[in-house]
Structure formats: C-alpha cells, structure tokens
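Per this note's numbering, the sequence shown starts with residue 1, numbered consecutively. Report on the structure given below.
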Amino acid sequence: MKKKPRKFDIRHKETLTLFLKEYFDLFFPDLAKKMRFETAEFLDKELISLFGGSENGGDRHKLTDALIFVQIMLDKKLEAILIHWEQESQKKKSFDERMFHYFCGIYYRHRRLILPIAMFTDPVKWRKPVKDTFGLSLPGYPINEFAYQLIKLKDYGAGEFEKLSEKNPLAAAYLPLTDYPAEDRPLIKAKAIMGITKVAQGRKQATLFSLIEESIRLNKEEEERFQKIIRDDPMYQEAKMLESIEELGMERGMEKGEIRALEKVTKNLLRSGKLTKKEIAQVTDLDIAEMNEADKETEETVKNLLRFGKLTEKEIAQALGLELSQVTEIAQAVGPEFADVNRES
C-alpha cells in the first residue's frame, strides 16, 4: 500500500498557496521586492504530469510540492521564472541529487529560469547538514554545478521569528518549528496562535491555525500549562478566543469533513423539531449522549465569546453556524448585561 501525504505536509503546501508573498518576505526579502505576486500561478498538474502522483505509482511527494510561475523584475526588465518548492519533514539521503533530477525535468519541459527551494521542517538539529549543491565532473573537467536554496527551520531561533511575527503572520505559524528550549513548548504554542489572530477569520486563519496544531502536539501536562497561559494571561485573550472557536471545529472542516457534515445534519434535524433525539440517533448512528455533549460544547463556546464582548450575537451566530435566535437565547441565560453588550443596535 502506498503511503499518503501526511496532513502536516499538506498544511505546508496550503500555507504556501495562501501566503506566497509572506513566505518570500520572510525568507527571501530581496527577491520579494522584485516579484509580481499578482501574476503567480501554481502549476500543480504540470509537476504531477512530469514526475507522477501517488495514484499512478509516481512520486507521492509531488502532490505536496509546488511549481509556481511568477513574474519578477530583473535588470529593469520583467521576466517570467518558475519556482520549484519542496517541503521535507525528515532528512533524506542523496537529496541534493534528487533536487537536481527535478530541476532537469522542469527545465527540459519549460526552458525557463528556475529557483529551486527546499524547506526542512523536521524537529531535530542536524549534526551533519544536507548538501545544497550537486556536481558532476571528470578530473580536471568540471561538467555541472547545481545549487538550490535550503531552508532549515530548526536553524532559526524562536526569538527571531517572534519579532518577525509582529508584521508577518507566517513567522508566527512557523514559530513551533524553530529552535527553543523544550520546556517552552506550551508558551511557544500560545505565542504562535496569538501571532495569527490579526489574520481575518476565514480560510487563511484556519489554515495557519491547523498548521500550528499539526506542528506542535502537546502532551497532557503541556496542554494544561498551555490552557493556563491563554486563560490567565490577559496578553493571550485573543488567542483564547481563537482556540475556543477552533476547538468547536467550525474552521476545521478541512480535517473533519465527514464528522462536521454529520453534526450539521444532526443540528438541522433537531432545529426542524420533527424528529426526537432518539429518532435522530437511529438515523445518524450518533447516540443521545453525543448530541447532548455537542449541545453543551456549543453553548459553552457561545458563552465564552459573549463574555469577551468583542463580537455581536449576529457575528457569533455566523462564526459558529448557528441561528441568531439560539445565540440570543444563550445570551439571555448568561445574563442581561451580556445580551445588551453583544446585541447590535
């Protein structure tokens, strides 16, 4: 059985697709100033047709790598180039040769200037670095010297990315993959989530949040420390609000599509009032306890968002996929002061 790309790898590809400018601002600021990002086009099908996908026995990594067409200003002239981007979650033997192989295939097909980039996201410091050049030669007769841009996130200090995250949310999302003491893991996750709260709610923010979740999986003790940080420190209030929304899963449909779809059907059936919870349980294979627990989680999330006082009842309803009347009912149960503060005038 062929291995499928991991969610972790897929999240990195999605992040690059949505934050291409921020990526170059972060790692290649000199090139970013010259690039015309509005012309960028991801040529995924081209990459798969060249090297194959997992469905036809080819290189499964091509499904999570990227080939990007973009225009760039070179010597006061607008030129079209290709960017070949790879994300690797572990060190690989003969990787330099592999990058050269892909370079040759892409150049043979397109005959354009190519910028090859490989980003390593593995969590260890290397004692022996991966080679970023590949050469062919005979004694006294050089034949070819190939080089690519190698990014190793663990070589960056967390402090450096934390400063950069003030202007670039991508630096915040990559923060868990940088270098820092192991005991700081809960704090690093809190800082990472806080760093993406300025991104507008929607697919972009959800993708960064999911990348953070995949990048730093806390154990039970670390999770307790993390929750304490975002609960007790006023500095992380917005991170707590984002965590509350995401825990409900309203932005994580990309990972929980079938589960969320089933829950949505269940909620719609309940709202219709035509079926009892017992009858719905027979149809959906969810038991009544699960439905009650889902109701309880939804109610608790609404209460938390009401207490923050930053969203109106209408905005909360839209964010969580609820009817406005449901949110209003919960607000009134919490207390008139919350209902008044959060209701639009």
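The C-beta atom is built at its ideal place from N, Cα and C for all residues, glycine as well.
By the beta-carbon neighbour count (other beta carbons within 10 angstroms, threshold 16), Q332 is exposed. Under the DSSP assignment, G135 falls in the beta strand (DSSP E) whose first and last residues are 133-138.
In the DSSP assignment, F27 falls within the unbroken alpha helix (DSSP H) covering 20-27.
Q227 carries a helical assignment under DSSP once its states are collapsed to helix, strand and coil.
Taking the CA atoms as reference points, F146 sits about 38 angstroms from K189. DSSP places N304 within a helical segment (H, G or I) once states are collapsed to three.
Contact annotation: K13 and Q87 have beta-carbon atoms nearer than 8 angstroms. Relative to the Cα of F19, the nearest Cα in the group V199, R307, E323 belongs to V199.
Relative to A192, the option among L82, K163, Q318 whose CA is nearest is K163.
Here R185 is buried, its C-beta having at least 16 other C-beta atoms within 10 Å. Each residue's CA atom was taken as its position, placing I229 and Q237 some 9 angstroms apart. Around D122, the same chain offers E88, S89, Q90, K91, K154 as residues with beta carbons nearer than 8 angstroms, after the five sequence neighbours per side are excluded.
Nearest neighbour of L74 by Cα position, chosen from A40, L113, E41, turns out to be L113. Under the three-state reduction of DSSP output, K77 falls in the strand class. If you draw a 10 Å sphere on the C-beta of E323, you find fewer than 16 other C-beta atoms in it, and that means exposed.
In this structure, DSSP gives Y141 an extended state, which the three-state scheme calls strand. Excluding its 5 nearest sequence neighbours in each direction, F161 has C-beta neighbours in its own chain below 8 angstroms: A171, A172, Y174, L175, T178, listed in chain order. Under the 10 Å beta carbon count, E38 is surrounded by fewer than 16 other beta carbons and is classified as exposed. If the five residues before and after T17 are omitted, its C-beta is found closer than 7 angstroms to the C-beta atoms of F42, all from its own chain and listed in chain order.
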